[in-house]
Amino acid sequence: MTVMKHLMGAAAALALTAGAALAEPALIFDLGGKFDKSFNEAAFNGAQRWAEETGGTYREIEMQSEAQREQALRRFAEAGANPVITMGFAMADPLSSVAPDYPDTKFVVIDVTWLDAPNIRQVGFAEHEGSYLVGMLAAMASKTGTVGFIGGMDVPLIRHFGCGYAQGVLAANPDAKIIANMTGTTPAAWNDPVKGSELTKAQISQGADVIYAAAGGTGVGVLQTAADEGILSIGVDSNQNHLHPGKVLTSMLKRVDVAVYEAMKAGTEVETGVFTLGLAEEGVGYAVDDNNAPLLTDEMKAAVDAARQKIIDGDIKVVSYYENDSCPALSF
């Protein structure tokens, strides 16, 4: 009997080990939908790249409400998914509650860098650095000297985007005027293209002829209206140049796709801790392709590429909104 128990125990342990080795990763999209053409879609693209390269499969969920955040985390952890990858700063509190209950599960969160847990990989981005570069391009492309910024939910992260953008604008044109609006104060602000369109028209009426959208799915409305009204827009997170060829000046790339891909590739061995990806790590940047190449002169690209290197070298300091919860170049 003892021998049989031992053999059964060994078999069970072997099965558990095999299960761990084959554990599927899981991906929890933020509110706004998987195909928001921005933040979530970048995550999806990274997951799809991993799946296509490896033949692996992953689990996923598109949340419909705030209440689902903790439910989704627990559901995937209970089911043995590992790692569980989550999108957005709003996952911070649910993760704080859930992660300690599943010490053997690795969690990955994008846009959070302040949690204290040994089993969480926290990935942040220097969005202000990338936004500085597209701000320079906006100022150089503007004919009116007035540019706009439309954010999604009014939170420090989006002010962080806007602050870097404003610094870049003023670096290229100290006399420029910057108009900034947020879409709202609830998560619904990420998926309101109609409101994005209304804000775009309002900024155009004030003279803006280049508008940067950092607003998730809401930004789709910004880019569409800018194209319809004959002004330029700037996309965010994913390369959105193709949405309106010749009308999108550039897109501020935030390599969420790479962060998700690398986490899935590492699997259960993914390294935990805090990681921040900026220009030096190629975590942020600006997009150039056939859709926007005619809009960018050699002089514009040279100026921005020079600034990029100076930021990396420390010769240009782009102030982070997080430093003092304020921006030296823009009042929100």
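Numbering-wise, the sequence shown is residues -23 to -1, 1 to 309 according to mature numbering (1 follows the signal peptide of the UniProt record, and there is no 0). Idealized CB from N, CA, C, for every residue including glycine.
Exercise for the section: Please state whether DSSP places Lys120 in a helix, a strand or coil. Expected result: Residue 120 sits at position 143 when you count from the first residue of the sequence shown. Reduced to three states, the DSSP call for Lys120 is coil.
Practice task
Taking Asp275 as the reference, give the member of Arg52, Leu114, Tyr298 with the closest Cα.
Solution key: Locating residue 275 in the sequence shown gives position 298, counting from the first residue. Closest by alpha carbon: Leu114.
Problem - Span separating the alpha-carbon of Gly65 from that of Tyr189 - result: The residue you call residue 65 lines up with position 88 of the sequence shown. The residue you call residue 189 lines up with position 212 of the sequence shown. Between Gly65 and Tyr189, the C-alpha separation is close to 20 Å.
Problem - Nonlocal neighbours in the same chain, by C-beta distance under 6 Å from Ala166, ignoring five residues either side - result: To locate residue 166, count along the sequence shown from 1; it is residue 189. So the list reads Gly129, Met130, Thr160, once near-sequence residues are dropped.
Practice task
Flag this pair as touching only if the region 176 to 183 and the region 129 to 144 have three or more C-beta atom pairs under 8 Å; answer yes or no.
Solution key: no
Handout entry: Residue ranges of each alpha helix (DSSP H) within the region 61 to 95, 4 or longer
Key = 69 to 75
Handout entry: Supposed close pair Trp91, Met241 - CB separation, criterion 8 Å
Key = Translated into the one-based positions of the sequence shown, residue 91 becomes position 114. Translated into the one-based positions of the sequence shown, residue 241 becomes position 264. With 8 Å as the limit, Trp91 and Met241 do not qualify as a contact, their Cβ atoms being about 24 Å apart.
Practice task
In angstroms with no decimal places, state the Cα-to-Cα distance between Gly244 and Val171.
Solution key: Here residue 244 refers to the residue found at position 267 of the sequence shown. Here residue 171 refers to the residue found at position 194 of the sequence shown. Roughly 39 Å separates the two Cα atoms.
Problem - Reference Asp305, options Ser119, Leu147, Glu104, closest by Cα - result: For the purposes of this step, residue 305 is taken as the residue at position 328 of the sequence shown. A small fix is needed here, since residue 305 is Pro in this sequence, not Asp. It is Leu147.
Practice task
Apply the 10 Å Cβ neighbour rule to Glu106 and answer buried if 16 or more other Cβ atoms are within range, or exposed otherwise.
Solution key: Here residue 106 is taken as the residue at index 129 of the sequence shown, counted from 1. Flag for Glu106 reads buried.
Handout entry: Nearest neighbour of Phe53, chosen from Leu4, Gly291, Ala185, Gly193 [CA to CA]
Key = The residue given as residue 53 occupies position 76 in the sequence shown. Of Leu4, Gly291, Ala185, Gly193, the residue nearest in Cα terms is Leu4.
Exercise for the section: Could you tell me the distance, in whole angstroms, from the CA atom of Ala257 to the CA atom of Phe102? Expected result: Within the sequence shown, numbered from 1, the residue matching residue 257 stands at position 280. Within the sequence shown, numbered from 1, the residue matching residue 102 stands at position 125. The alpha-carbon atoms of Ala257 and Phe102 are separated by roughly 11 Å.
Problem - Three CB pairs or more closer than 8 Å across the region 265 to 275 and the region 216 to 236 - result: yes
Problem - N- and C-terminal bounds of the beta strand (DSSP E) containing residue 379 - result: What is shown of the chain runs -23 to 309, which leaves residue 379 out entirely.
Handout entry: Sub-8 Å separation of Gly9 and Gly194 beta-carbons
Key = Position 32 of the sequence shown holds residue 9. Position 217 of the sequence shown holds residue 194. Closer than 8 Å, so yes.
Exercise for the section: Determine the extent of the beta strand (DSSP E) in which Glu239 is found, giving its start and end residues. Expected result: Residue numbering aside, residue 239 sits at position 262 when the sequence shown is read from its first letter. No beta strand (DSSP E) holds Glu239; the alpha helix (DSSP H) holding it covers 233 to 243.
Practice task
Taking all protein chains shown into account, decide if Asp70 is buried (16 or more other Cβ within 10 angstroms of its Cβ) or exposed.
Solution key: Indexing the sequence shown from 1 puts residue 70 at position 93. Burial call: exposed.
Problem - Inter-residue spacing [alpha-carbon to alpha-carbon] between Val(-21) and Asp81 - result: To locate residue -21, count along the sequence shown from 1; it is residue 3. To locate residue 81, count along the sequence shown from 1; it is residue 104. Note that Val(-21) has pLDDT 37, beneath the 50 cutoff, so the model's placement of it is unreliable and no number is given.
Handout entry: First and last residue of the uninterrupted alpha helix (DSSP H) at Tyr263
Key = Looking up residue 263 in the sequence shown gives position 286. No alpha helix (DSSP H) holds Tyr263; the beta strand (DSSP E) holding it covers 261 to 263.
Exercise for the section: Express the C-alpha separation of Ile127 and His137 in angstroms, rounding to a whole number. Expected result: As a position in the sequence shown, residue 137 is number 160, starting the count at 1. As a position in the sequence shown, residue 127 is number 150, starting the count at 1. His137 and Ile127: Cα-Cα distance of roughly 12 Å.
Practice task
Could you name the residues of the same chain whose beta carbon sits closer than 6 Å to that of Phe21, not counting the 5 residues immediately before and after it, in chain order?
Solution key: Taking the first residue of the sequence shown as position 1, residue 21 is located at position 44. Excluding sequence neighbours, Phe21 sits near Lys11.
Exercise for the section: On a CA-only basis, which of Val75, Ala185, Pro60, Gly196 is nearest Val213? Give me that one, please. Expected result: Position 236 of the sequence shown, counted from the first residue, corresponds to residue 213. Considering only alpha carbons, the answer is Gly196.
Problem - Beta-carbon separation (whole angstroms), Ile155 vs Leu307, contact threshold 8 Å - result: In the sequence shown, the residue the question calls residue 155 occupies position 178. In the sequence shown, the residue the question calls residue 307 occupies position 330. Rounded, the Cβ-Cβ distance is 6 Å, consistent with contact.
Handout entry: Simplified DSSP assignment, three categories, for Gln99
Key = For the purposes of this step, residue 99 is taken as the residue at position 122 of the sequence shown. If DSSP states are grouped into helix, strand and coil, Gln99 belongs with the strands.
Exercise for the section: Indicate the three-state DSSP secondary structure (helix, strand or coil) for Asp169 in the structure shown. Expected result: Within the sequence shown, numbered from 1, the residue matching residue 169 stands at position 192. Coil at Asp169, not helix or strand.
Handout entry: Distance, Val111 Cα to Ala153 Cα
Key = The residue labelled residue 153 in the question sits at position 176 within the sequence shown. The residue labelled residue 111 in the question sits at position 134 within the sequence shown. So the two alpha carbons sit approximately 14 Å from each other.
Problem - Cβ-based burial, Asp234 [other Cβ within 10 Å; buried from 16] - result: Counting from one through the sequence shown, the residue named residue 234 turns up at place 257. Buried, because 16 or more other Cβ atoms sit within 10 Å of the Cβ of Asp234.
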